[in-house]
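Protein chains in written order, with our numbering: chain A, 131 to 390; chain B, 55 to 241; chain C, 3 to 376. Ideal Cβ positions, reconstructed from N, Cα and C, are used throughout, including at glycine. Below is one structure, written out as structure tokens; comments come after it.
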């Protein structure tokens, strides 16, 4: 659909060039689409589309490559940071980002993400934390909240048996190689705007060669949480944020004065 | 077809692998085919280390051999192993500084050299391997001493270059010791 | 350039560099570690990428990423490390990007040991990773041959957008031998059209092994197998030694084949008309050549440093035309020439012809050898 443009009309909202004109496969109320759009907008605004290579994960966002209008590769489960490393090291001038969920990044891909950060790998990571495995139908993730019901913790996550949620941002912030590590949320407009700024900062970190950057985004999964979309957003605000506090966990001093 | 197999064996740290490499470089410089293959593993220091050097005028098939033509043994465990394995009529050179028994076999050309003592007199105990090599070249002249010395000069690690004259001396003394011993035995 | 005395692993690494390798990603493991150490020193000097990964799993996925940029990239490892890489190898195969993997094989299964072995034949030759794919497998037998074949490996990988495994054993990685390195090749200026490099002034490229619709995956599988048939047609390589008038053929690859050549030389001195057929491409396998051999020799002896993995492939080709005997050492043991000479004599004299299963009879002979402590 082409918006009518006359001298009197002004385009205030359009599809970013970094986005394809494709309907996503995401469930109603899922915030993956929001996160995708924020990334696309930032890449457009920074004029990086033609030098960006994205790395898609295994998980609900396995098809992320369909929605981004740029070069993309599809990694094995959890290995996106390794694949991104492989690309970045032979194409150091290009902009490389991974887009990963909590199963991908915090469970099977724990080693790859930790070591990418430890090496100060100059890549940006968009980390979608919705406290559940979405693609396989709602099993317990390493970020599942204590007591939370999933198909593999049907009586609620029992921390005695299954341990506690992993806070990736806090952990990665301990790495000297990390340049920018923050946690944001996608549960309302204000937080979405903050999330976009954080994504911009992450890519700026990479463009300045300041090391590993990651934006953790608290996201909703109404389908697997088995709640309505609006309740899902409320769940983020009321239940997830207390376990996963929003904030800046690592910001290199060189970034302190940067306004985006 | 002329193919000679040499095994050099001792404790890790005695320079057995390097002695073999010097032989291999020299064989190459001498226009021959050669392979050098080490025992390898976690025994960086203190364990046993040995290498096999094959020198031939033809293409070399197996780089390994069960029964070497020449055995150079720098310690007792190596003697225990390679006295049995050395080819009948082959040559065995033992380091008498660390070997406290004679040979059980009587079908081997053999030579005992107090390699550690000779090396210490020269001033560097680490050069027992070169003393042994020099002695071996007298007993089993697989290559001329001069060729070996040139190979050593060309391939000694930079950090050890200052020890080159002492290495030469070690080889020469080993050779001379062998000369004296073998002449005496023949007389 | 004159021949130099080169250490296997280091020579292999330099050969890869001279063939235009721009990215090396690896993890230390004996007996391949010198390969990585050499790369750690040389690649940065040339402004090329070297990463010591956190694991073989990460290393192969870095190779996967690097391969997607169209640059020549590789890893080198040893048996247990290659097992860990199998996931990434399958993804690389499914994505149809070129990559070279060197396996300096050691004794197994499991942690096994660090001694030389050919026990990864099945894993390397038959695929190893999940799904329908076909790696090219090169098995050189000397330092020089490995240098030459590592160059070829990159060319074949690029030509067919295929995985190429170069398999050697610990003996070859650790040994020193005179060899000549090729000159440094110039790096290509432009990436291939399929590579991800940033979609500057062109439609985006997407590289993946995902074909969510089985109908699409089937089309992909057809493409892969057709490509493989093309490779089978074009890329068979092998070496023959004293085969012209041979009445008996020894078939062995890599070190086993090389050791056999010493035994064959000795057997010839005894008047036994025996020759060596040494496959260099284990995949594609020189089937036609082995079939031809089976039509002109009296008996075949397969020699390996495993339990007869290639034996089965040879027997399937020979189809009982002549007896196929076997001799192998296991678990990191390398056969000595005299053992193979004994086997050649036995096979040539036909004193104890196989009377049933060649593998079963070999095991009983080997058990005796093990008992005798040889």
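Inset, instruction - Quick one: list the residues of chain A neighbouring residue 208(C), beta-carbon separation under 8 angstroms, in chain order. - result: The contacting residues are 195, 201, 202, 203 and 204.
Inset, instruction - Under 8 angstroms by Cβ, that's how I've got residue 136(B) and residue 61(B) pegged, so tell me the actual separation to the nearest angstrom. - result: The Cβ separation is near 6 angstroms, so the contact holds.
Inset, instruction - Flag this pair as touching only if the region 14-29 of chain C and the region 219-228 of chain B have three or more C-beta atom pairs under 8 angstroms; answer yes or no. - result: Short answer: they don't touch.
Inset, instruction - Kindly identify the DSSP beta-bridge partner or partners of residue 270(A). - result: According to DSSP, which records beta bridges pairwise, residue 270(A) is partnered with 262(A).
Inset, instruction - Note down, in chain order, each residue of its chain lying with its Cβ closer than 8 angstroms to the Cβ of residue 203(B), except the 5 sequence neighbours on either side. - result: Closer than 8 angstroms at the Cβ level, and outside the excluded window around residue 203(B), lie 222 and 225.
Legend entry - Contact with chain C by residue 98(B), beta-carbon distance below 8 angstroms: For residue 98(B), the predicted structure reports a pLDDT of 46, less than 50, and the residue's modelled location is therefore unreliable. The matter cannot be settled from this model.
Legend entry - Distance, residue 102(C) Cα to residue 203(A) Cα: When the Cα atoms are used, residue 203(A) and residue 102(C) turn out to be separated by approximately 19 angstroms.
Inset, instruction - Look up residue 182(A) in the DSSP assignment and give the residues it is bridged to. - result: The bridge partners DSSP lists for residue 182(A) are 225(A).
Legend entry - Spatial distance of residue 336(C) from residue 201(A) (CA atoms): A direct Cα-to-Cα measurement between residue 336(C) and residue 201(A) gives close to 49 angstroms.
Legend entry - Interface positions of the region 105-136 of chain B facing chain C (Cβ-Cβ less than 7 angstroms), listed along the chain: Going along the region 105-136 of chain B in chain order, one finds 115, 116, 117, 118, 119 and 120 with a Cβ nearer than 7 angstroms to chain C.
Legend entry - Straight-line Cα distance separating residue 321(A) from residue 375(A): Each residue's alpha carbon lies about 13 angstroms from the other.
Inset, instruction - Would you list the residues sitting across from residue 50(B) in a DSSP beta bridge? - result: Since the first residue shown for chain B is 55 and the last is 241, residue 50(B) is missing from the structure and cannot be characterised.
Legend entry - is_contact[residue 247(A), chain C] using C-beta, thresh 8 angstroms: Residue-level contact by beta carbon fails for residue 247(A) and chain C, as no gap is shorter than 8 angstroms.
Legend entry - Beta-carbon spacing of residue 280(C), residue 143(C) below 8 angstroms: Note that the C-beta distance between residue 280(C) and residue 143(C) is below 8 angstroms.
Inset, instruction - Pick out the complete alpha helix (DSSP H) segments inside the region 104-155 of chain B, 4 residues or longer, and give them in chain order. - result: Listed in chain order, they are 130-139.
Legend entry - Closer than 8 angstroms to chain A by CB, residue 199(C): The beta carbon of residue 199(C) falls within 8 angstroms of a beta carbon belonging to chain A, placing the residue at that interface.
Legend entry - Where the region 151-185 of chain A meets chain C: residues whose CB sits under 8 angstroms from a CB there: For the region 151-185 of chain A, the set of residues with a beta-carbon nearer than 8 angstroms to any beta-carbon of chain C comprises 179, 180, 181, 182, 183 and 185, in chain order.
Inset, instruction - Identify whether residue 344(A) lies in helix, strand or coil by the three-state DSSP scheme. - result: Correct three-state label for residue 344(A): strand.
Legend entry - Where the alpha helix (DSSP H) through residue 270(C) begins and ends: If you look at residue 270(C), you'll find it in the alpha helix (DSSP H) that goes 256-271.
Inset, instruction - Measure from the C-beta of residue 91(B) to each C-beta in chain C and report whether the shortest distance is under 8 angstroms. - result: At least one chain C Cβ lies under 8 angstroms of residue 91(B).
Legend entry - residue 192(B) and residue 240(B) closer than 8 angstroms at C-beta: The answer is no: Cβ separation not under 8 angstroms.
Inset, instruction - Closer than 7 angstroms by C-beta to residue 168(B): which residues in its own chain qualify, once you throw out the five before and the five after it? Chain order, please. - result: Hits under 7 angstroms: 150 and 151.
Legend entry - 8 angstroms Cβ cutoff, residue 208(B) in contact with chain C: Chain C contact via Cβ: absent.
Legend entry - Short-range partners of chain A found in the region 91-104 of chain C, where Cβ spacing is below 7 angstroms: Per Cβ criterion, the list reads 93.
Legend entry - Own chain residues within Cβ distance below 7 angstroms of residue 133(C), not counting five before or after: Sequence-distant Cβ neighbours of residue 133(C) in its own chain, meaning closer than 7 angstroms and more than five residues away, are 92 and 96.
Inset, instruction - Could you say if the region 146-166 of chain C and the region 107-115 of chain C meet the contact criterion of at least three C-beta pairs nearer than 8 angstroms? - result: Taking a contact to require three or more Cβ pairs closer than 8 angstroms, the region 146-166 of chain C and the region 107-115 of chain C do not qualify as touching.
Inset, instruction - Name the one or two DSSP bridge partners that residue 34(C) has. - result: Answer is none; residue 34(C) lacks a bridge partner.
Inset, instruction - Look at residue 350(A) and residue 366(A) and say whether their C-beta atoms are less than 8 angstroms apart. - result: Yes, the pair counts as a contact, with Cβ atoms nearer than the cut-off.
Legend entry - Length at least 3, wholly inside the region 317-346 of chain C: the beta strand (DSSP E) runs in chain order: If we require 3 residues or more, the beta strand (DSSP E) runs fully inside the region 317-346 of chain C come out as 326-330.
Legend entry - the region 222-246 of chain A: positions lying closer than 7 angstroms to chain C by Cβ: Of all residues in the region 222-246 of chain A, 224, 241, 242 and 245 have a Cβ within less than 7 angstroms of some Cβ in chain C.
Inset, instruction - Look up residue 276(C) in the DSSP assignment and give the residues it is bridged to. - result: As a beta-bridge residue in DSSP terms, residue 276(C) pairs with 250(C).
Legend entry - Among 309(C), 208(C), 318(C) and 343(C), nearest to residue 332(C) - alpha-carbon criterion: From the listed residues 309(C), 208(C), 318(C) and 343(C), the smallest Cα separation to residue 332(C) is found for 309(C).
Inset, instruction - Mind listing the chain C neighbours of residue 213(A)? Cutoff is C-beta to C-beta under 8 angstroms, in chain order. - result: Those are 63, 64, 66, 67 and 70, listed as they occur along chain C.
Inset, instruction - Flag this pair as touching only if the region 306-325 of chain A and the region 343-359 of chain A have three or more C-beta atom pairs under 8 angstroms; answer yes or no. - result: At 8 angstroms Cβ cutoff, the stretches touch.
Inset, instruction - For chain C, find out if any of its Cβ atoms is closer than 8 angstroms to the Cβ of residue 255(A); answer yes or no. - result: Output row for residue 255(A): interface = no.
Inset, instruction - Taking the CB atoms as reference points, tell me whether residue 263(A) and residue 276(A) lie closer together than 8 angstroms. - result: Cβ distance not < 8 angstroms, so residue 263(A) and residue 276(A) don't count as in contact.
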